[in-house]
Amino acid sequence: MQGTAEAKSQLIITDSEGNTYTLTVPDNGKWSMAIPYPSEGKFTITSVDAIGNRSDDVPLDIMKEVPVISLSPDSDSGTVGDNITRDKQPTFIIGNLESDVVVVQVDINGTVYNAEKNADGVWFFTPGTPLADGSYTISVIASDAAGNQKNSLPITVTIDSTLTVPEIALAAGEDNGASDSDNVTNHTQPKFTLQHIDADVTGVTVNVTHNGVTDIYQATQGADGWTFTPPAAWNDGNYTLSVTVVDRAGNSQQSASLAVTVDSTVTVTADSQHDDASDDATATAVTPPESETVNAESATHLRTEPSAAEESVVKVTAYSITLLNADSGDEIDRSISQTPSFEISVPENIVNVSIMFEGEEFTLPITNQKAIFEVPLSLEDGEYTMDVKFIDKDNDFLIKEKTFSVDHSSADIVNAMNVRGKTEDDINDSPSTSSVGHNNNGAIDVFAVNEVTLPVDNQEEHA
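This is the structure:
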């Protein structure tokens with residue numbers, strides 16, 4: 001502070017908390033002093049001259065703090081702190097106010113509104129009517145009882161409550177069925193175009209449902225716009241696709257579903273004049289990669305025109321998840337071990353495989369397009385689900401869900417039998433107590449070990 005007073009007089013400054021500061025005025029009558037800022041900016045100044053005359057107390061009330069305004073975290077959708085929101089009636093929080101402030105006003109593009117104070121003493125403002133989409137310049141004016149005012153620095157807030165609904169379609173040349181609009185293709189990795197994608201999107205994903213299982217993939221933006229191509233070949237069958245987009249304000253839209261049929265198999269009618277020819281046969285014009293299994297008389301010769309008595313079948317096993325210590329019965333994916341193991345088939349384009357199980361993530365080594373995962377803890381009997389995440393070199397990912405069950409109690413029965421894996425002759429020669437019946441073809445129908453009776457498939461060597 002600085003001012004003028006009678007030379008040689010003494011100034012006494014007392015703040016609102018009772019702290020006192022004194023100084024002697026110089027001969028030129030001009031004085032200055034720095035003191036800690038008092039609570040609420042209130043203090044008094046008194047002058048005493050050389051012979052003891054004392055002036056009246058002069059009260060002063062000033063305002064130092066500059067208020068600030070910000071979007072409430074509950075209203076700041078999308079990326080927090082970017083002042084972009086889809087909320088058309090967002091709440092603003094006003095802070096850095098002195099305790100004796102009595103009026104707070106909010107200026108939005110030149111129109112002034114009164115703010116409110118809640119039960120906790122926090123000043124806030126929510127527009128009474130929805131704001132139209134667009135950008136707004138917003139500031140605060142704070143006033144105390146003495147008439148002091150402080151203005152905040154302005155902020156710019158953008159209201160964005162709209163997002164275009166995207167579309168997905170087969171790319172040009174991919175729809176090669178009976179017509180160019182029936183969504184039937186013989187391409188096992190068809191390309192799709194994604195349209196009506198707004199420029200401010202922060203996420204574009206493609207949902208693919210096949211045989212009741214939905215996988216989620218990241219779309220790709222290139223010179224030709226947004227596209228999606230499956231990272232691995234699809235089996236023949238029906239697929240349902242949709243696109244989900246999210247923008248910077250947190251708006252989300254999903255496209256209508258697209259039903260697509262993949263049919264890469266050609267049916268060929270054989271020459272009926274040959275006695276060894278069947279009525280028809282199936283040929284698949286596919287060159288299998290290393291991650292595929294070929295079931296044929298010769299794994300190196302796939303025919304596009306098969307003989308009448310042969311059929312070449314290509315089964316894609318990429319991304320397959322196989323339970324290794326499964327029950328030998330007819331129930332799929334049931335483990336008799338309390339620490340089951342899984343073999344995961346990994347396509348060549350995948351560089352990382354991890355397992356999400358029981359709240360933990362395990363990264364697996366890949367050897368010869370295979371990864372092995374053994375559950376690191378002993379599981380109780382029951383049903384379990386784990387997620388397998390495949391990541392390629394472009395950091396795109398695919399998550400496959402695997403459900404399995406543990407039935408350790410069945411292991412006791414198997415161990416008691418002690419004949420698992422033996423041939424028919426081995427079983428007959430076993431010293432274990434057993435009863436073996438044969439049908440007319442000499443195949444085993446039923447055998448008993450102790451009190452356990454199991455049916456035996458005629459083509460299997462053990463139950």
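Residue numbers (UniProt numbering): 1 to 463.
Glycine included, C-beta positions come from ideal geometry on N, C-alpha and C.
**Request:** Go to E383, then tell me how far its beta strand (DSSP E) extends in each direction, as first and last residue.
**Result:** Counting from one through the sequence shown, the residue named residue 383 turns up at place 383. Note, E383: beta strand (DSSP E), 382 to 392.
**Prompt:** When you compare only the Cα positions, how much space is there between S135 and T158?
**Reply:** Mapped onto the sequence shown, residue 135 falls at position 135. Mapped onto the sequence shown, residue 158 falls at position 158. Their Cα atoms are separated by approximately 4 Å.
**Request:** Compute the Euclidean distance between the alpha carbons of N83 and S99, then round it to the nearest angstrom.
**Result:** Counted from its first residue, the sequence shown places residue 83 at position 83. Counted from its first residue, the sequence shown places residue 99 at position 99. Distance between the alpha carbons of N83 and S99: 27 Å.
**Prompt:** From N96 to V66, what distance separates their C-alpha atoms?
**Reply:** Within the sequence shown, the letter at position 96 stands for residue 96. Within the sequence shown, the letter at position 66 stands for residue 66. Answer to the nearest angstrom: the Cα atoms are 7 Å apart.
**Asked** Within 7 Å (strictly less), CB to CB, does G222 reach chain D?
**Response** Judged by its chain identifiers, the structure shown contains no chain D, having just a single protein chain.
**Request:** Please look up how many angstroms separate the CB atoms of T240 and S264, rounded, as I've assumed it's under 8 Å.
**Result:** Numbered from its first residue, the sequence shown carries residue 240 at position 240. Numbered from its first residue, the sequence shown carries residue 264 at position 264. Going by Cβ atoms, the distance from T240 to S264 rounds to 18 Å, so no, they are not a contact pair.
**Item:** Classification of R86 by the beta-carbon crowding that lies within 10 angstroms, buried from 16 upward
**Value:** As a working mapping, residue 86 is identified with position 86 in the sequence shown. Its Cβ being crowded by 16 or more others within 10 Å, R86 is buried.
**Prompt:** From W226 to I168, what distance separates their C-alpha atoms?
**Reply:** Looking up residue 226 in the sequence shown gives position 226. Looking up residue 168 in the sequence shown gives position 168. If you take the alpha carbons of W226 and I168, they lie about 10 Å apart.
**Prompt:** Roughly how many angstroms separate the alpha carbons of D182 and F362, rounded to a whole number?
**Reply:** Translated into positions along the sequence shown, residue 182 becomes position 182. Translated into positions along the sequence shown, residue 362 becomes position 362. The alpha-carbon atoms of D182 and F362 are separated by roughly 43 Å.
**Message:** With H, G and I counted as helix, E and B as strand and the rest as coil, what does DSSP make of E6?
**Reply:** In the sequence shown, the residue the question calls residue 6 occupies position 6. In this structure, E6 counts as coil in the three-state DSSP scheme.
**Message:** Buried or exposed for D224, going by 16 or more other Cβ atoms inside 10 Å?
**Reply:** On the sequence shown, residue 224 is found 224 positions in, with the first residue counted as 1. By the 10 Å Cβ count, D224 comes out exposed.
**Where the beta strand (DSSP E) through Y239 begins and ends** = On the sequence shown, residue 239 is found 239 positions in, with the first residue counted as 1. Here the beta strand (DSSP E) through Y239 covers 237 to 247.
**Request:** Taking only the alpha-carbon atoms, compute the straight-line gap between I45 and L11 and give it to the nearest angstrom.
**Result:** Translated into the one-based positions of the sequence shown, residue 45 becomes position 45. Translated into the one-based positions of the sequence shown, residue 11 becomes position 11. Distance from the CA of I45 to the CA of L11, rounded to the nearest whole angstrom, comes to 7 Å.
**Presumed contact (8 Å Cβ cut-off) between L364 and D215, rounded CB distance** = For the purposes of this step, residue 364 is identified with residue 364 of the sequence shown, where counting begins at 1. For the purposes of this step, residue 215 is identified with residue 215 of the sequence shown, where counting begins at 1. Actually they are not in contact, since the Cβ atoms of L364 and D215 sit about 19 Å apart, beyond 8 Å.
**Message:** Checking 7 Å against the spacing of the C-beta atoms, do S61 and A5 come in under that value?
**Reply:** Your numbering for residue 61 matches position 61 in the sequence shown. Your numbering for residue 5 matches position 5 in the sequence shown. For clarity, residue 61 is Asp in the given sequence; the question names Ser instead. In this structure, the beta-carbon distance from D61 to A5 does not fall below 7 Å.
**Asked** To which residues does DSSP link W226 through a beta bridge?
**Response** Within the sequence shown, numbered from 1, the residue matching residue 226 stands at position 226. W226 is bridged to L194, Q221.
**Message:** On a Cα-Cα basis, can you pick out the residue from A7, D27, I35 that is closest to D15?
**Reply:** Translated into the one-based positions of the sequence shown, residue 15 becomes position 15. D15 has its Cα closest to that of I35, out of A7, D27, I35.
**Asked** Of the choices E358, N368, E374, V68, whose alpha-carbon is the least far from that of residue 464?
**Response** The structure shown does not extend to residue 464, since the chain is modelled only from 1 through 463, so no value can be given for it.
**Request:** Using only alpha-carbon positions, find the residue among T403, H210, V204, S75 that is nearest to V243.
**Result:** Residue mapping note: residue 243 aligns to position 243 of the sequence shown, counting from 1. For the residues T403, H210, V204, S75, the minimum Cα distance to V243 belongs to V204.
**Asked** In this structure, does DSSP put E17 in helix, strand or coil?
**Response** Stepping through the sequence shown from its first residue, residue 17 is reached at position 17. Three-state DSSP puts E17 in coil, outside helix and strand.
**Message:** Whole angstroms are fine: how far does the CA of V112 sit from the CA of V103?
**Reply:** Counting from 1 along the sequence shown, the entry for residue 103 is found at position 103. Counting from 1 along the sequence shown, the entry for residue 112 is found at position 112. The straight-line gap from Cα to Cα measures roughly 12 Å.
**Request:** Check the C-beta distance from P26 over to A7 and give it rounded, since I have them as a contact under 8 Å.
**Result:** Within the sequence shown, the letter at position 26 stands for residue 26. Within the sequence shown, the letter at position 7 stands for residue 7. Rounded, the Cβ-Cβ distance is 7 Å, consistent with contact.
**Asked** Quick one: what does DSSP say S409 is sitting in, helix, strand or coil?
**Response** Here the question's residue 409 lines up with position 409 in the sequence shown. It is helical.
**Request:** Answer with buried or exposed for R334, where buried requires no fewer than 16 other C-beta atoms within 10 angstroms of its C-beta.
**Result:** As a working note, residue 334 is residue 334 in the sequence shown. Result: buried.
**Prompt:** With distances taken between CB atoms, is the gap from Y217 to V206 smaller than 7 Å?
**Reply:** Mapped onto the sequence shown, residue 217 falls at position 217. Mapped onto the sequence shown, residue 206 falls at position 206. Yes, the Cβ-Cβ distance between Y217 and V206 is below 7 Å.
**Asked** Can you give the beta carbon distance from I344 to A371, rounded, assuming they're within the 8 Å contact cut?
**Response** Position 344 of the sequence shown holds residue 344. Position 371 of the sequence shown holds residue 371. Right, their Cβ atoms sit about 4 Å apart.
**Prompt:** N349 to K400, Cα distance in whole Å?
**Reply:** Looking up residue 349 in the sequence shown gives position 349. Looking up residue 400 in the sequence shown gives position 400. Whole-angstrom Cα-Cα distance: 16 Å.
**Prompt:** Is the beta carbon of N176 less than 7 Å from the beta carbon of T185?
**Reply:** Taking the sequence shown and counting its residues from 1, one reaches residue 176 at position 176. Taking the sequence shown and counting its residues from 1, one reaches residue 185 at position 185. Cβ atoms of N176 and T185: closer than 7 Å.
**Prompt:** With distances taken from CA atoms, which of F124, H210, S255, N395 is nearest G237?
**Reply:** For this step, residue 237 is matched to residue 237 along the sequence shown. The candidate whose alpha carbon is nearest that of G237 is H210.
**Asked** Which residues mark the beginning and the end of the beta strand (DSSP E) in which Q253 is found?
**Response** Start at 1 with the first residue of the sequence shown, and residue 253 comes out as number 253. Counting along the chain, the beta strand (DSSP E) containing Q253 begins and ends at 252 to 254.
**Asked** Alpha carbon to alpha carbon, what distance is there between L324 and R248?
**Response** Within the sequence shown, numbered from 1, the residue matching residue 248 stands at position 248. Within the sequence shown, numbered from 1, the residue matching residue 324 stands at position 324. Taking the straight line from one Cα to the other gives about 45 Å.
**Prompt:** According to DSSP, is G41 helix, strand or coil?
**Reply:** Residue numbering aside, residue 41 sits at position 41 when the sequence shown is read from its first letter. If DSSP states are grouped into helix, strand and coil, G41 belongs with the helices.
**Message:** If you follow the beta strand (DSSP E) that Q149 is in, where does it begin and where does it stop?
**Reply:** The residue given as residue 149 occupies position 149 in the sequence shown. It spans 149 to 151 - the beta strand (DSSP E) in which Q149 sits, taken as one unbroken run.
**Pair within 7 Å by beta-carbon distance, T193 and A178** = Within the sequence shown, numbered from 1, the residue matching residue 193 stands at position 193. Within the sequence shown, numbered from 1, the residue matching residue 178 stands at position 178. Their beta carbons are not under 7 Å apart, which means T193 does not touch A178 by this criterion.
**Asked** Nearest-angstrom Cα distance between G29 and S55?
**Response** As a working mapping, residue 29 is identified with position 29 in the sequence shown. As a working mapping, residue 55 is identified with position 55 in the sequence shown. If you take the alpha carbons of G29 and S55, they lie about 16 Å apart.
**Pair within 7 Å by beta-carbon distance, V246 and S252** = In the sequence shown, counting from the first residue as 1, residue 246 sits at position 246. In the sequence shown, counting from the first residue as 1, residue 252 sits at position 252. Yes, these two residues count as a Cβ contact at 7 Å.
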